[in-house]
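In what follows, a structure is listed as structure tokens, so that the remarks can point back to it.
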Amino acid sequence: MTIGRGTLSDQIVPEIIAEIKQRKLQAGDEVPAEGELAERHGVNRLVVREAIRTLVARGVLVSSQGKRARVAVPSPAVLEQILEFRLNQNSMDLRDLIDTRRVIEGELARRAASRIAAGHGSPEEAERALSAMHDRTGDRDAFIAADLAFHQAVADLADSNVLSFILAAMNGVLLDARRTSFLGREQRGSSHQETIDAHREILDAVAAGNPDAAAEAMSRHLTETGHDLGL
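Take a look at the structure:
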């Protein structure tokens, strides 16, 4: 195939992605050599090299000196960077992200409860994370880490790769917000036990296999999180 007018490397990028799909390459698999790709697309190796750099920047490929590029393990890092940039540029605000998180995590809690009701999965990881939250109320970063682990455990139970991927990207962007929320509770005289109790309501509903109650408990919790942030 001969590439037409325009930025050659940009035109090759979707062709390489299509080839990855056609060959059913998985994470860690090598893509064809630069010379092979250059010959196939009617360009020189420098153009292919630039296309590969673009795909590395997008998180599609990983590359190291002297070795063929490989298919990357899927990572939410690129989406996280986009969200963070949009937030910094004021083209979206914290309220947007919290509202989006409420929608996504409400659905994840609902699906987690549905799967438990169908006999799939166990809430043990979420239980362990909740116990860690209880033990670490005096350590902000440890408490937040346990909080993240709880929400990830619920997402894992839901078994939704797309929603979990988006949530992982949002977690990085909202890390500072979680710290602010932690301090907000202290400043308004609220006990961190209230947060633990909110998580307990979520977990009890999920463990009971009650999708509606799980979604409602998650929504209430994230509404309170918004209040802690002054939203």
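full-length UniProt numbering puts the sequence shown at residues 1 to 231.
Virtual Cβ for every residue (Gly too), placed ideally from N, Cα, C.
Since the structure is predicted, the reported quantities are computational estimates derived from the model, not experimental observations.
Of the residues the options, which one's Cα is nearest the Cα of residue i?
i: glutamate 194; options: Leu130, Arg101, Gln11; result: Leu130
i: histidine 151; options: Ser91, Glu125, Val62, Lys21; result: Glu125
i: isoleucine 196; options: Ala213, Asp93, Leu94, Arg136; result: Arg136
i: alanine 112; options: Ala153, Leu61, Val60, Gly42; result: Ala153
i: glutamine 11; options: Gln22, Arg23, His41, Leu25; result: His41
i: leucine 61; options: Asp93, Ala27, Val43; result: Ala27
i: arginine 58; options: Pro74, Asp147, Gly66; result: Pro74
i: threonine 54; options: Asp147, Ala207, Thr7, Gln187; result: Thr7
Do you know offhand how far residue i's Cα is from residue j's?
i: phenylalanine 85; j: leucine 79; result: 10 Å
i: valine 13; j: glutamine 81; result: 20 Å
i: valine 47; j: leucine 37; result: 10 Å
i: residue 234; j: aspartate 176; result: An answer regarding residue 234 cannot be provided, because it is not within the stretch 1 to 231 covered by the chain.
i: arginine 115; j: alanine 51; result: 42 Å
i: arginine 49; j: isoleucine 16; result: 12 Å
i: glycine 138; j: leucine 25; result: 47 Å
i: arginine 45; j: glycine 209; result: 56 Å
i: serine 219; j: glycine 106; result: 6 Å
i: arginine 23; j: valine 162; result: 23 Å
i: serine 64; j: leucine 174; result: 31 Å
i: glutamine 89; j: glycine 172; result: 17 Å
i: arginine 128; j: proline 211; result: 21 Å
Is residue i near residue j, with beta carbons less than 8 Å apart?
i: threonine 225; j: isoleucine 104; result: no
i: arginine 140; j: leucine 222; result: no
i: histidine 192; j: arginine 185; result: yes
i: leucine 203; j: leucine 108; result: no
i: phenylalanine 165; j: proline 76; result: yes
i: alanine 217; j: arginine 110; result: no
i: arginine 95; j: leucine 183; result: no
i: alanine 149; j: alanine 169; result: no
i: serine 190; j: leucine 229; result: no
Can you determine whether any heavy atom of the ligand PLP sits closer than 7 Å to the C-beta of residue i, and answer yes or no?
i: valine 56; result: What this structure holds is no ligand at all, so the ligand PLP is not there to describe.
(request) Inspect the CB distances between the segment 63-79 and the segment 28-44 and report whether three or more fall short of 8 Å. (result) yes
(message) Counting beta carbon pairs with one atom in the segment 143-158 and one in the segment 110-124, are three or more of them shorter than 8 Å?
(response) yes
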